[in-house]
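Asks:
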Amino acid sequence: MPRMNFITIWLTNIFLFSIFFSNICGCALPVKKLFIKDISESFEVGTIISAETGKPVSYEHLINDLENVQVIYVGERHNDPSHHDIQLRLIKKIFKSHPYISVGMETFDRSYQQILYLWSDGELNEKEFMEKMHWYANWRFNFELYKDILLFLKNNKIRIVGLNLPFHIPPKIAIGGIETLSNDEKKNLPKEIDTSNADHKAYLEKIFEKHKVKGREKFENFYMAQCVWEEIMAESISQNLKGNPMIVLVGNGHIVHKFGIPDRVFRRTGASFKTIFLASAGSEAGAEISFADYIWVTPLINKHHMGRRPHGNR
Numbered sequence: 015m016p017r018m019n020f021i022t023i024w025l026t027n028i029f030l031f032s033i034f035f036s037n038i039c040g041c042a043l044p045v046k047k048l049f050i051k052d053i054s055e056s057f058e059v060g061t062i063i064s065a066e067t068g069k070p071v072s073y074e075h076l077i078n079d080l081e082n083v084q085v086i087y088v089g090e091r092h093n094d095p096s097h098h099d100i101q102l103r104l105i106k107k108i109f110k111s112h113p114y115i116s117v118g119m120e121t122f123d124r125s126y127q128q129i130l131y132l133w134s135d136g137e138l139n140e141k142e143f144m145e146k147m148h149w150y151a152n153w154r155f156n157f158e159l160y161k162d163i164l165l166f167l168k169n170n171k172i173r174i175v176g177l178n179l180p181f182h183i184p185p186k187i188a189i190g191g192i193e194t195l196s197n198d199e200k201k202n203l204p205k206e207i208d209t210s211n212a213d214h215k216a217y218l219e220k221i222f223e224k225h226k227v228k229g230r231e232k233f234e235n236f237y238m239a240q241c242v243w244e245e246i247m248a249e250s251i252s253q254n255l256k257g258n259p260m261i262v263l264v265g266n267g268h269i270v271h272k273f274g275i276p277d278r279v280f281r282r283t284g285a286s287f288k289t290i291f292l293a294s295a296g297s298e299a300g301a302e303i304s305f306a307d308y309i310w311v312t313p314l315i316n317k318h319h320m321g322r323r324p325h326g327n328r
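If you read the sequence shown in this note's numbering, its first letter stands for residue 15, the second for the next number, and so on.
Set out below in structure tokens:
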């Protein structure tokens, strides 16, 4: 199978857990509330729910709770504009009191870090940035989804940290295991790979069974790929904590229950953190109060809205 084709199939069918968290029935009428299963309550769009109490809190309460935190994780469903609006709102607010924040993004492979520096320094225009980042070859989600965030970071010279590893590596591990990587590819692996979290493994096994793809039947390979992926992002965050807060923008699936990225960063650094899970109202999957420190209810969008471009249409 051509390289680009198997990456496309992999990323769209397995690795984007945001799809799992937004498993919306296209024929149903929109539902304007989010059901949180483990407390059996529903909440309207715009509500922020604290995991500590299971009750709604104000935006001001959330900001106060984030004020002295070293790492703030804000999840996303990658193709949801409302999620990126919330991320930008939080970045702007935290920036006012912490002008030396950095922003870590799953969107970027860390081998492109020098390009990210050029962008934050105002050395590149939008067209140059997209070309040098190979935006539609790598991330492929519509640039407009991230444009306002990226422009704010550029205009305020906020450092962006690329968190990811080359995008073809996780699916390659998932198909054949780490041993199938070339020596050059292995240089991208994290120094530590913890596969010992039984809850994490059990959680992912349920997802694996739900989203099986032909040619990727071996769970152990899938699990190793996921751990490598999350360990490299945790490593990237840990190496770039410079005494000022970092806001981390990643898919919801990487912060759910904290055992994806947050606990792996904490293992390395002991840095304080909070997680914010952005959950679409009306999602059939619903949510659990234990997903994150805070759950923020967002509008239901069309599941095809602002999605990925196919590789042939760049």
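Glycine included, every Cβ here is placed at the ideal spot set by N, Cα and C.
1. Based on DSSP bridge pairs, tell me the residues matched to residue 9.
2. Could you tell me if residue 101 is buried or exposed, where buried requires 16 or more neighbouring beta carbons within 10 angstroms of its beta carbon?
3. Tell me whether the stretch 190–200 and the stretch 257–271 touch, counting them as touching only if at least three CB pairs, one residue from each stretch, are closer than 8 Å.
4. Would you say residue 299 and residue 314 are within 8 Å of each other, going by their C-beta atoms?
5. Taking the alpha-carbon positions, what's the residue 290 to residue 308 distance?
6. Which one or two residues does DSSP pair with residue 312 in a beta bridge?
7. Which whole runs of the beta strand (DSSP E) in the stretch 107–171 are 3 residues long or more, in chain order?
8. Give me whichever residues DSSP pairs with residue 64 in a beta bridge.
9. Taking the straight line between their C-alpha atoms, what separation do you get for residue 51 and residue 69?
10. Going straight from the alpha carbon of residue 286 to that of residue 77, what length do you get?
11. Per DSSP, what are the beta-bridge partners of residue 95 in this structure?
12. Whose C-alpha, out of 60, 85 and 59, is nearest the C-alpha of residue 272?
13. Please report the distance separating the alpha-carbon of residue 138 from that of residue 132.
14. Considering only the beta carbon of each residue, do residue 279 and residue 304 sit closer than 8 Å?
15. For residue 262, which of helix, strand or coil comes out of DSSP?
16. Pick out the complete alpha helix (DSSP H) segments inside the stretch 194–236, 4 residues or longer, and give them in chain order.
17. Would you call residue 240 buried or exposed, if buried means 16 or more other Cβ atoms sit within 10 Å of its Cβ?
18. Looking only at C-alpha atoms, which of 182, 250 and 268 sits nearest to residue 90?
19. Using 10 angstroms around the beta-carbon of residue 204, count the other beta-carbons present and answer buried if the total reaches 16, otherwise exposed.
20. Looking only at its own chain, which residues have a Cβ that is under 7 Å from the Cβ of residue 276, when we skip the five neighbours before and after it?
21. What residues in its chain sit with their C-beta under 7 Å from that of residue 127, if we drop five residues either side in the sequence?
22. Does the structure place the stretch 201–219 close enough to the stretch 233–247 that three or more beta carbon pairs sit under 8 Å?
23. Please classify residue 293 as buried or exposed, where buried requires at least 16 other C-beta atoms within 10 Å of its C-beta.
24. Hey, out of 112, 143 and 246, whose CA is closest to residue 183's CA?
25. Look at residue 92 and residue 155 and say whether their C-beta atoms are less than 8 Å apart.
26. Can you tell which of 257, 199, 248 and 211 has the C-alpha that lies nearest to the C-alpha of residue 282?
27. Roughly how many angstroms lie between the CA atoms of residue 80 and residue 187, to the nearest whole one?
28. With DSSP as the reference, label residue 181 as helix, strand or coil.
29. Between 96, 163 and 231, which has its C-alpha nearest residue 189's C-alpha?
30. For residue 123, count neighbouring Cβ atoms within 10 angstroms of its own Cβ and tell me buried if that reaches 16, exposed if not.
Replies: Taking the geometry as given:
1. There is no way to answer for residue 9, as the model of the chain reaches only from 15 to 328.
2. buried
3. no
4. no
5. Those two C-alpha atoms are separated by around 5 Å.
6. 294
7. 116–123
8. Residue 64 is bridged to 308.
9. 14 Å
10. 15 Å
11. None; residue 95 has no bridge partner.
12. 85
13. Rounded to the nearest angstrom, the two C-alpha atoms are 6 Å apart.
14. no
15. strand
16. Entirely contained in the stretch 194–236, the alpha helix (DSSP H) runs reaching 4 residues are, in chain order, 197–200 and 212–224.
17. Buried, because 16 or more other Cβ atoms sit within 10 Å of the Cβ of residue 240.
18. 268
19. buried
20. 87, 269, 287 and 289
21. 176
22. yes
23. buried
24. Closest option to residue 183, Cα to Cα, is 246.
25. yes
26. 248
27. 36 Å
28. coil
29. 231
30. Buried, because 16 or more other Cβ atoms sit within 10 Å of the Cβ of residue 123.
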